[in-house]
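All remarks here apply to the structure that follows.
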Amino acid sequence: MNPGSNDGSYLAPESVGKLGRIGLVAGVAGLVLLAVGFATNKDQLFRSYLTGFMWMLGLSAGALGILLLHHVTRGAWGVMIRRILEAAASPLTLGFAAVAFLPIALGTHSLYEWSHGEVVAADAILTHKKPWLNTTSFLTRSAIYFAIWILLAGVLSRLSARQDETGDRRLSLWMQRWGAAGLVAYFLSMTFAAFDWLMSLTPHWYSTIYGLYVIIGQAVAAMALVALAALVLGEGPSPAVPFQPRHLHDYGKLLFAFVCVWAYFAYSQFIIIWSGNLPEETAFYASRMNGAWKVTTIVLVLLHYALPFALLLSRDRKRSAKALAPVAVLLLLARWLDLHWLVAPSFSKDAFTIHWLDLAAPLALGGIWLFLFTLGLKARPLLPANEPFLKEALAHD
Amino acid sequence: MHGPHTEPLLHGVMAEFRNPEELLEAIGAAKAAGFTKLDAYTPYPIEKVFDALDLHHSKLPLLVLGASIVGAVGVFGFAYWASAIDYPLNIGGRPLNSWPAFIPATFEGAIFHGGLAAALGMLLLNGLPRPHHPVFNVQRFVEHASKDGYFLVVESDDPKFDGPSVRRFLEGLAPVEVNEVEN
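Quick mapping for you: the protein sequence lines, in order, are chains L and Y. The working numbering numbers the first residue of the first sequence as 224 and each following residue consecutively. The working numbering numbers the first residue of the second sequence as 1295 and each following residue consecutively.
As structure tokens, then:
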């Protein structure tokens, strides 16, 4: 067996269980805060909750996307982190996300203008959009999105478990096929989910790249998560997963690429709307680039692009889990800011808002998510023993 | 006959090894012995040889970064000068300094200058194109360097270089053959 591993069993270390307990405590504390918020400020609760929900969903959905990509490309880079991705995008975490969506389903009146019949009736555009934007079809579509994601996560998890048991070579081919079909399903479903849950907050406004913008943000979140998981699982003299600098280099490069693509999509959306200069399109940026939200926009560009871009240029930083971790934490914070920047100005154009519930929601959902994630990490060996590319992935260069 | 102050007679002393492991061991021994001007030649790239010779920290990335910044600032500055100073033109009522419109060209300017700097800087730093290199004066090198020989050269500009003792040192590493590399 590989000399760098702990006796080749690749089981989760003690620290994972501890992290899970911390997550659970944080989650319960956050839920109590959310309950207080529900009793005192319902509208604010649902708005904060939507941001927190999308932030948490990004960890799972982004991991699902990267897992699908790994199965299609079969790169050795993905073998080392497959179990991390499977734990992040498991039927358990995505099932939790589906349950966690219920408050949004109950809070449509606080969130979505189009859910008010009298507003729609008085508005020609919303009346025109009514066949798509109405509560029944909104909830039906949402259920379909979760069904697709849970199905994909479940199938990939089962195939991977079967590979552990039997080592059947044909399973790799099946994973690749599901990966290809799943990528199409994931991009379509997540695009529509982003349209439904976020873009319809301002139902007159539209942007076709919006879905991709949300998707690449999720990839950033998931890759940052992978970098942090690699720190926890790869630490110590006999690490649970024997990550080498070249593995971390790959994850650092992917993180760098995702950050750049995020900036590219963000700018693509902006330059097209800016060039067109049509009032119904510019409203989105008019409320974010002038006045109350201007500083937030600048800070977002700095934290989500300029700073991580500059930091990730360094080769040495990408090759060490310890050096990569601060960038990953920064990007997870920037992910929340990006979602806050998408959601909050829809409700408060003229004043910058940040509420304590904005912090309670990611604490509650992120905490419970972390607990479920660690359960997934503990459930199976952290490397797929019968994966044909495992030897190549573990080999020293 | 060479006078006392002409170019050194030797480019260095070369030892040939049978496999990458022996070569790596020899690099380690040469570094331990205090030699700093080392070069290795293998039939295919070997990551560990790069590590052993510390070849990963090239100056090229800094050169590319510098050129990219110059390219970005240059193109943005030119676009600003052309649109706002030299030939101000009202386009759709937008401000003269319509920076969003300059960004794509600024980005391309950064990539273009970075790419140029990468290609030209690579040639500058590695000394190519070069019609001849002294290592080809060694017959074994010509025959085996692209097939099955793993060569280590201690170059004559090493402060510790002194032909005969370097030869004795390399012979002590059990090579296939040791050769002086003439200039």
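The beta-carbon is built from N, C-alpha and C at its ideal position, and this holds for glycine as well.
Comparing alpha-carbon positions, which option in L:W401, L:L595, L:Q386, L:L556 lies nearest F319 of chain L? L:L595
Name the residues in the region 1332-1352 of chain Y whose C-beta lies less than 8 angstroms from a C-beta of chain L; which are they? E1341, K1342, H1350
For V1343 of chain Y and E1474 of chain Y, which I take to be in contact (beta-carbon distance under 8 angstroms), what is that distance rounded to the nearest angstrom? Not really, about 23 angstroms apart at Cβ, beyond 8 angstroms.
Beta-carbon contacts of D1442 of chain Y that lie in its chain and below 6 angstroms, excluding the five residues immediately before and after: none
Specify, as a first and last residue, the run of the beta strand (DSSP E) that G1306 of chain Y falls within. 1304-1311
Below 8 angstroms CB to CB, which residues in the same chain sit around T520 of chain L once its five sequence neighbours on both sides are set aside? R511, M512, W564
Out of curiosity, what's the CA-to-CA distance linking A1346 of chain Y and A445 of chain L? 34 angstroms
Whose Cβ in chain Y lies nearer than 7 angstroms to the Cβ of N500 of chain L? G1386
How many whole angstroms separate the CB atoms of F1329 of chain Y and Y1444 of chain Y, which I take to be in contact at a CB cut-off of 8 angstroms? In fact, because the Cβ distance is near 17 angstroms, the residues do not count as touching under 8 angstroms.
How long is the line joining the alpha carbons of G1415 of chain Y and P1423 of chain Y, rounded to whole angstroms? 12 angstroms
Just to confirm the assignment, what range does the alpha helix (DSSP H) spanning A544 of chain L have? 544-570
Kindly indicate which three-state DSSP category N1473 of chain Y falls into: helix, strand or coil? strand
Mind reading off the beta-carbon distance from F269 of chain L to G330 of chain L? Whole number of angstroms is fine, and I expect it under 8 angstroms. 3 angstroms
Buried or exposed, going by whether 16 or more other CB atoms sit within 10 Å of the CB of P1398 of chain Y? exposed
Note down, one range per segment and in chain order, each alpha helix (DSSP H) of at least 4 residues found wholly within the region 322-387 of chain L. 325-329, 331-334, 340-344, 347-352
Alpha-carbon to alpha-carbon, A252 of chain L and K353 of chain L: 39 angstroms
Identify the continuous beta strand (DSSP E) that holds L1446 of chain Y and give its terminal residues. 1444-1449
Is it the case that the region 532-549 of chain L contacts the region 247-267 of chain L, given that we only count it when at least three CB pairs across the two stretches are under 8 angstroms? no
Element boundaries [alpha helix (DSSP H), containing L1418 of chain Y]: 1393-1420
For I1397 of chain Y and chain L, any beta-carbon pair shorter than 8 angstroms? yes
At 9 angstroms on the CB atoms, spell out the chain Y contacts of I494 of chain L, in chain order. P1394, A1395, I1397, P1398
Under the DSSP definition of a beta bridge, which residues are partnered with Y1335 of chain Y? Y:F1445
Indicate whether at least one CB of chain Y lies closer than 8 angstroms to the CB of W497 of chain L. yes
Please name the residues in the region 472-496 of chain L whose beta-carbon is closer than 8 angstroms to at least one beta-carbon of chain Y, in chain order. Y490, F493, I494
Around the Cβ of T431 of chain L, are there at least 16 other Cβ atoms within 10 angstroms (buried) or fewer (exposed)? exposed
Inter-residue Cα distance where the pair is D573 of chain L and W337 of chain L: 21 angstroms
Helix, strand or coil: which one does DSSP assign to H1350 of chain Y? coil
Going along the chain, which residues of its own chain have a beta-carbon closer than 6 angstroms to the beta-carbon of A602 of chain L, five neighbours each way excluded? none
With distances taken Cα to Cα, identify the nearest neighbour of Q492 of chain L among L:V449, L:T505, L:F481, L:V482. L:T505
F507 of chain L, DSSP secondary structure in three states: helix
For a quick check, are the C-beta atoms of Y272 of chain L and A584 of chain L less than 8 angstroms apart? yes
Exposed or buried, what is E309 of chain L when buried is set at 16 or more other beta-carbons lying within 10 Å of its beta-carbon? buried
What are the boundary residues of the alpha helix (DSSP H) that includes M303 of chain L? 299-311
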